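In this note's numbering, the protein residues as written are -5 to 327.
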């Protein structure tokens, strides 16, 4: 059952807490979800839910970030995440600037620390960073006075993706505790999988990591609440949620996975395998999808798929993140 559609009577409360924002001398930041607990996640998801309802009713409070500047600094290509942060900032009244790295000084040899110094001189309030290297957002957070949001760093974390996944699941199933969630595909190279492992386990979900041994590190099997499967049928059987991860085609040449056709035959989510999950099980994917590789088109477009709702919830979650960071910075001032 999806969440009730009643509209909130006012904007989200400024008293709500959120994920464990990292407090540094430069201010509050969202760099990852490791160590975050239900006492932080639950009220944050409540806030994000309020923003989801406000967005649907087109009643978002544009004064929350009025007079503030948000810079999207993406060192890797992105459509969903960058656009989502841009919409989130604009719906809250921020001035949003998208920096294109391909045409910036970074592409001309400027170091990350030089970039931090330049951005600091611009006096932006919020800095959203995606970088190919793990730890880059954390480094910037130590050098700039803006609040930094990690929008994905290497194979480390992608915290807002895990938050939007959790919100989507909760809206449909009403809870996270006790759910059986199968995460299928390239776990080894997935920052999405790592952030979801931190968050969903903290909320009491039981996680199945499903895929070929070359893409599912055995070390994850030592984590409490995690079970590894190298057989797709066993991995999705009786699952409440089946989340497919993008297979990075460049890995096929490295011998980590077979051809796209063979991978789909062994680990692709098709209707026959979905029928092994619990009735009404949710189908998820962080995008972009490789149809016919990790997921069949008819499954991606089926009534059980909440993939487009994940995109919608992404804007609401990122509005909540920007709201929390701004209010925490104001409180600390």
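Beta carbons are placed, not taken as given, at the ideal position from N, Cα and C, and that holds for glycine.
As the structure is a computational prediction, the values presented were derived from the model and not from experiment.
Provide the residue span of the alpha helix (DSSP H) that contains residue i, from first to last.
| i | result |
| --- | --- |
| residue 38 | 32 to 50 |
| residue 292 | 291 to 294 |
| residue 317 | 301 to 326 |
Can you tell me whether residue i is helix, strand or coil according to DSSP?
| i | result |
| --- | --- |
| residue 208 | coil |
| residue -3 | Confidence in residue -3 is poor, its pLDDT being 35 and thus under 50, which makes the residue's placement unreliable; the coordinate value appears in the next sentence. It is coil, neither helix nor strand. |
| residue 3 | A caution first: residue 3 carries a pLDDT of 37, below 50, which makes its placement in the model too unreliable to give a value. |
| residue 192 | helix |
| residue 75 | helix |
| residue 263 | strand |
| residue 109 | helix |
| residue 81 | helix |
| residue 285 | strand |
| residue 8 | With a pLDDT of 41 at residue 8, under the threshold of 50, the modelled position of that residue is not reliable, and the figure given next carries that caveat. If DSSP states are grouped into helix, strand and coil, residue 8 belongs with coil. |
| residue 268 | helix |
| residue 255 | helix |
| residue 228 | helix |
| residue 181 | coil |
| residue 215 | helix |
| residue 58 | coil |
| residue 241 | coil |
What are the partner residues of residue i, as DSSP defines its beta bridges?
| i | result |
| --- | --- |
| residue 174 | 200 |
| residue 89 | 63 |
| residue 24 | 143 |
| residue 223 | 204 |
| residue 330 | Any answer about residue 330 is impossible in this case: the structure gives the chain only from -5 up to 327. |
| residue 94 | 68 |
Taking the beta strand (DSSP E) that residue i falls in, what are its first and last residues?
| i | result |
| --- | --- |
| residue 67 | 63 to 68 |
| residue 237 | 235 to 238 |
Can you determine whether any heavy atom of the ligand ZN sits closer than 7 Å to the C-beta of residue i, and answer yes or no?
| i | result |
| --- | --- |
| residue 288 | The ligand ZN is not among the ligands present in this structure, which contains no ligands whatsoever. |
Taking 8 Å as the threshold (beta carbon to beta carbon), is residue i in contact with chain B?
| i | result |
| --- | --- |
| residue 156 | Protein chains in the displayed structure number just one, and chain B is not present. |
Does the stretch 259 to 266 touch the stretch 302 to 316, meaning 3 or more C-beta pairs lie closer than 8 Å? Because the criterion of three Cβ pairs below 8 Å is not met, the stretch 302 to 316 and the stretch 259 to 266 do not touch.
Please specify which runs of the beta strand (DSSP E), each continuous and at least 3 residues long, are wholly inside the stretch 112 to 169, giving them in chain order. Segments of the beta strand (DSSP E) lying fully in the stretch 112 to 169: 120 to 125 and 141 to 147.
Pair every Cβ in the stretch 176 to 194 with every Cβ in the stretch 24 to 34, then say whether three or more of these pairs are closer than 8 Å. Touching, yes, given that three or more Cβ pairs across the two stretches are closer than 8 Å.
Tell me, please, whether the stretch 233 to 244 touches the stretch 167 to 179 by the rule of three or more beta-carbon pairs shorter than 8 Å. As far as the Cβ criterion goes, the stretch 233 to 244 touches the stretch 167 to 179, which means the pair count is three or higher.
Taking 8 Å as the cut-off, does the stretch 67 to 76 touch the stretch 34 to 51 (at least 3 CB pairs, one atom from each stretch)? At 8 Å Cβ cutoff, the stretches do not touch.
Three or more C-beta pairs under 8 Å: does that hold for the stretch 74 to 83 against the stretch 294 to 303? The stretch 74 to 83 makes no contact with the stretch 294 to 303; the number of CB pairs closer than 8 Å stays below 3.
Is the number of C-beta pairs between the stretch 141 to 153 and the stretch 163 to 171 that are closer than 8 Å three or more? Contact check between the stretch 141 to 153 and the stretch 163 to 171: fewer than three CB pairs, one atom from each, fall below 8 Å, which does not count as touching.
Three or more beta-carbon pairs under 8 Å between the stretch 113 to 124 and the stretch 58 to 65, yes or no? The stretch 58 to 65 and the stretch 113 to 124 touch, with three or more beta-carbon pairs separated by less than 8 Å.
Should the stretch 153 to 162 be called in touch with the stretch 273 to 283, which here means at least 3 C-beta pairs below 8 Å? The stretch 153 to 162 makes contact with the stretch 273 to 283; the number of CB pairs closer than 8 Å reaches 3 or more.
With three or more C-beta pairs closer than 8 Å as the rule, is the stretch 269 to 277 touching the stretch 250 to 257? With contact defined as three or more Cβ pairs closer than 8 Å, the stretch 250 to 257 and the stretch 269 to 277 are not in contact.
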